[in-house]
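The structure appears below as C-alpha coordinates.
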Amino acid sequence: MSMQLRKLASSFVVIAGLVGSSFSAFAAEPENTMVITLKGGDVTVALRPDLAPKHVEQIKALVREGAYDNVAFHRVIDGFMAQTGDVEFGNMKSGYNAERAGTGGSKKPDLPAEFSSSEHFVRGTVGMARAQNPNSANSQFFIMYAPNPGLDGDYTIVGNVESGMEFVDGIKKGDAAANGVVSSPDRMIKVRIAADGK
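To convert, note that position 47 of the sequence shown is 47 in this note's numbering; the numbers rise steadily by one, no gaps.
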(Lines of atoms letter the chains of each structure in order from A; the text may use other names.)
(Lines give C-alpha, C1' and ligand atoms only; values in the text may rest on other atoms or scores of the structure.)
Protein backbone atom coordinates (compact mmCIF):
# COMPACT_ATOMS: atom_id res chain seq x y z
CA MET A 1 0.00 0.00 0.00
CA SER A 2 1.44 3.36 -0.96
CA MET A 3 1.93 6.10 1.60
CA GLN A 4 -0.88 8.14 0.02
CA LEU A 5 -3.30 5.22 0.21
CA ARG A 6 -2.40 4.66 3.86
CA LYS A 7 -3.05 8.34 4.65
CA LEU A 8 -6.32 8.17 2.75
CA ALA A 9 -7.37 4.98 4.57
CA SER A 10 -6.50 6.46 7.96
CA SER A 11 -8.46 9.62 7.17
CA PHE A 12 -11.51 7.45 6.37
CA VAL A 13 -11.12 5.81 9.78
CA VAL A 14 -11.08 9.26 11.41
CA ILE A 15 -14.11 10.36 9.38
CA ALA A 16 -15.94 7.12 10.23
CA GLY A 17 -15.16 7.75 13.89
CA LEU A 18 -16.56 11.28 13.66
CA VAL A 19 -19.70 10.11 11.87
CA GLY A 20 -20.15 7.32 14.42
CA SER A 21 -19.81 9.73 17.30
CA SER A 22 -22.40 12.09 15.84
CA PHE A 23 -24.99 9.29 16.07
CA SER A 24 -24.24 8.85 19.76
CA ALA A 25 -24.08 12.61 20.35
CA PHE A 26 -27.08 12.26 22.63
CA ALA A 27 -25.33 9.88 24.97
CA ALA A 28 -26.49 11.96 27.89
CA GLU A 29 -24.39 12.95 30.86
CA PRO A 30 -25.36 11.16 34.11
CA GLU A 31 -27.70 13.99 35.18
CA ASN A 32 -29.83 13.36 32.09
CA THR A 33 -29.59 9.58 32.02
CA MET A 34 -32.56 7.62 33.35
CA VAL A 35 -32.06 3.96 34.23
CA ILE A 36 -35.17 1.76 34.32
CA THR A 37 -34.74 -1.64 35.93
CA LEU A 38 -37.02 -4.24 34.33
CA LYS A 39 -37.33 -7.97 35.09
CA GLY A 40 -34.79 -8.71 32.33
CA GLY A 41 -32.26 -5.98 33.10
CA ASP A 42 -31.56 -2.26 32.94
CA VAL A 43 -32.79 0.07 30.21
CA THR A 44 -30.71 3.24 29.85
CA VAL A 45 -32.52 6.29 28.48
CA ALA A 46 -30.79 9.48 27.35
CA LEU A 47 -33.20 12.23 28.37
CA ARG A 48 -33.50 15.20 26.01
CA PRO A 49 -33.78 18.52 27.88
CA ASP A 50 -32.68 20.16 24.61
CA LEU A 51 -36.05 19.11 23.13
CA ALA A 52 -38.37 19.14 26.15
CA PRO A 53 -36.88 20.89 29.20
CA LYS A 54 -40.13 21.10 31.21
CA HIS A 55 -41.04 17.45 30.60
CA VAL A 56 -37.54 16.20 31.43
CA GLU A 57 -37.49 18.29 34.62
CA GLN A 58 -40.80 16.74 35.72
CA ILE A 59 -39.69 13.20 34.87
CA LYS A 60 -36.47 13.64 36.84
CA ALA A 61 -38.41 15.02 39.83
CA LEU A 62 -40.77 12.01 39.76
CA VAL A 63 -37.83 9.60 39.44
CA ARG A 64 -36.11 11.20 42.43
CA GLU A 65 -39.31 10.92 44.50
CA GLY A 66 -39.40 7.19 43.71
CA ALA A 67 -42.79 7.73 42.05
CA TYR A 68 -42.01 5.47 39.07
CA ASP A 69 -40.82 2.49 41.14
CA ASN A 70 -43.17 -0.52 40.73
CA VAL A 71 -45.35 1.24 38.13
CA ALA A 72 -47.00 -1.06 35.58
CA PHE A 73 -46.63 -1.17 31.82
CA HIS A 74 -50.42 -0.96 31.59
CA ARG A 75 -50.70 -0.66 27.78
CA VAL A 76 -48.31 -2.56 25.50
CA ILE A 77 -48.96 -3.02 21.80
CA ASP A 78 -46.65 -5.38 19.92
CA GLY A 79 -44.94 -3.58 17.04
CA PHE A 80 -45.98 -0.16 18.38
CA MET A 81 -45.07 0.84 21.94
CA ALA A 82 -45.01 0.06 25.69
CA GLN A 83 -46.72 2.64 27.94
CA THR A 84 -46.12 3.19 31.65
CA GLY A 85 -45.78 5.99 34.19
CA ASP A 86 -49.26 6.23 35.75
CA VAL A 87 -48.00 6.94 39.26
CA GLU A 88 -51.54 7.53 40.54
CA PHE A 89 -53.16 4.17 39.66
CA GLY A 90 -50.30 2.07 38.28
CA ASN A 91 -48.12 1.35 41.32
CA MET A 92 -48.27 -2.43 41.66
CA LYS A 93 -47.15 -2.32 45.30
CA SER A 94 -49.31 0.57 46.48
CA GLY A 95 -52.83 1.34 45.30
CA TYR A 96 -52.71 -0.45 41.94
CA ASN A 97 -56.07 -0.24 40.17
CA ALA A 98 -56.25 -2.38 37.01
CA GLU A 99 -59.43 -0.65 35.81
CA ARG A 100 -57.99 2.86 36.19
CA ALA A 101 -54.31 2.28 35.32
CA GLY A 102 -53.57 4.57 32.40
CA THR A 103 -56.11 7.21 33.40
CA GLY A 104 -54.03 8.90 36.09
CA GLY A 105 -51.00 11.10 36.33
CA SER A 106 -49.22 12.59 39.32
CA LYS A 107 -49.85 15.41 41.78
CA LYS A 108 -47.68 17.63 39.62
CA PRO A 109 -49.31 19.93 37.02
CA ASP A 110 -49.93 18.91 33.42
CA LEU A 111 -47.33 20.28 31.03
CA PRO A 112 -47.53 22.50 27.95
CA ALA A 113 -46.62 20.63 24.77
CA GLU A 114 -42.97 20.68 23.72
CA PHE A 115 -43.40 19.11 20.28
CA SER A 116 -40.39 18.80 18.02
CA SER A 117 -40.31 18.96 14.24
CA SER A 118 -36.66 17.93 14.02
CA GLU A 119 -36.92 14.56 15.82
CA HIS A 120 -38.93 11.51 14.87
CA PHE A 121 -40.66 8.63 16.61
CA VAL A 122 -38.45 5.65 15.80
CA ARG A 123 -37.58 2.43 17.63
CA GLY A 124 -36.35 3.38 21.11
CA THR A 125 -37.86 6.88 21.17
CA VAL A 126 -39.41 7.78 24.53
CA GLY A 127 -42.47 10.01 24.23
CA MET A 128 -44.97 11.51 26.64
CA ALA A 129 -48.49 10.10 26.70
CA ARG A 130 -51.31 12.62 26.82
CA ALA A 131 -55.06 12.98 26.48
CA GLN A 132 -56.65 14.71 23.49
CA ASN A 133 -55.54 18.11 24.81
CA PRO A 134 -51.94 18.66 23.58
CA ASN A 135 -51.09 20.28 26.94
CA SER A 136 -52.13 17.32 29.10
CA ALA A 137 -48.93 15.26 29.46
CA ASN A 138 -48.09 14.64 33.10
CA SER A 139 -46.20 11.50 34.16
CA GLN A 140 -47.01 8.76 31.66
CA PHE A 141 -44.58 7.91 28.89
CA PHE A 142 -44.10 5.26 26.23
CA ILE A 143 -41.18 3.55 24.51
CA MET A 144 -41.46 2.88 20.79
CA TYR A 145 -40.97 -0.62 19.36
CA ALA A 146 -40.96 0.61 15.76
CA PRO A 147 -41.06 3.87 13.79
CA ASN A 148 -44.40 5.69 13.69
CA PRO A 149 -44.28 8.94 11.70
CA GLY A 150 -47.94 9.58 12.58
CA LEU A 151 -46.80 10.66 16.07
CA ASP A 152 -44.20 13.15 14.81
CA GLY A 153 -44.98 16.70 15.86
CA ASP A 154 -48.03 15.62 17.91
CA TYR A 155 -46.36 14.11 20.98
CA THR A 156 -43.43 15.34 23.07
CA ILE A 157 -40.18 13.38 22.71
CA VAL A 158 -38.33 13.21 26.02
CA GLY A 159 -35.56 10.72 25.32
CA ASN A 160 -34.07 7.80 23.45
CA VAL A 161 -33.13 4.32 24.66
CA GLU A 162 -29.34 4.00 24.60
CA SER A 163 -29.12 0.39 25.78
CA GLY A 164 -31.38 -2.39 27.01
CA MET A 165 -33.96 -2.25 24.21
CA GLU A 166 -33.97 -6.06 24.25
CA PHE A 167 -35.47 -5.84 27.76
CA VAL A 168 -38.17 -3.48 26.50
CA ASP A 169 -38.90 -6.06 23.78
CA GLY A 170 -39.46 -8.61 26.57
CA ILE A 171 -42.20 -6.60 28.35
CA LYS A 172 -45.48 -8.53 28.51
CA LYS A 173 -47.71 -7.51 25.61
CA GLY A 174 -51.35 -6.55 25.96
CA ASP A 175 -54.51 -7.68 24.24
CA ALA A 176 -54.62 -6.16 20.75
CA ALA A 177 -58.43 -6.34 20.79
CA ALA A 178 -58.44 -4.25 23.98
CA ASN A 179 -56.09 -1.50 22.71
CA GLY A 180 -53.07 -3.14 24.32
CA VAL A 181 -54.41 -3.37 27.89
CA VAL A 182 -52.24 -5.82 29.82
CA SER A 183 -53.59 -8.19 32.47
CA SER A 184 -51.03 -8.95 35.22
CA PRO A 185 -48.59 -6.48 33.64
CA ASP A 186 -44.84 -6.17 33.98
CA ARG A 187 -43.54 -3.15 35.86
CA MET A 188 -40.64 -0.78 36.25
CA ILE A 189 -38.99 -2.33 39.29
CA LYS A 190 -36.85 0.73 40.02
CA VAL A 191 -36.10 3.95 38.17
CA ARG A 192 -33.15 6.20 38.93
CA ILE A 193 -31.11 9.05 37.50
CA ALA A 194 -27.55 7.82 36.82
CA ALA A 195 -25.99 10.86 38.57
CA ASP A 196 -27.57 9.70 41.83
CA GLY A 197 -25.69 6.37 41.83
CA LYS A 198 -27.25 2.98 42.44
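Just so you know, even glycine gets a beta-carbon here, dropped at the ideal spot from N, CA and C. Only a predicted model underlies this, so the values are computations on that prediction, with no experimental measurement involved.
query                                                                                                                                            : result
Note down the Cα distance separating M144 from V158, rounded to an integer number of angstroms.                                                  : 12 Å
For the beta strand (DSSP E) holding K190, just list the boundary residues, first then last.                                                     : 190-193
Mapping DSSP to helix, strand and coil, what is A98?                                                                                             : coil
Between which two residues does the alpha helix (DSSP H) carrying L62 extend?                                                                    : 53-65
To the nearest angstrom, how far is it from the Cα of A129 to the Cα of D110?                                                                    : 11 Å
The alpha helix (DSSP H) spanning E166 covers which residue range?                                                                               : 165-169
Suppose contacts are defined by Cβ-Cβ distances below 8 Å. Is G85 in contact with Y68 by that definition?                                        : yes
Consult DSSP for S183 and reduce its assignment to one of helix, strand or coil.                                                                 : coil
Counting only the same chain and skipping the five closest in sequence on each side, list residues whose C-beta sits under 7 Å from that of M81. : F142, I143, M144, Y145
What are the partner residues of Q83, as DSSP defines its beta bridges?                                                                          : R75, F142
In the DSSP assignment, find the beta strand (DSSP E) that holds M34 and state where it starts and stops.                                        : 33-37
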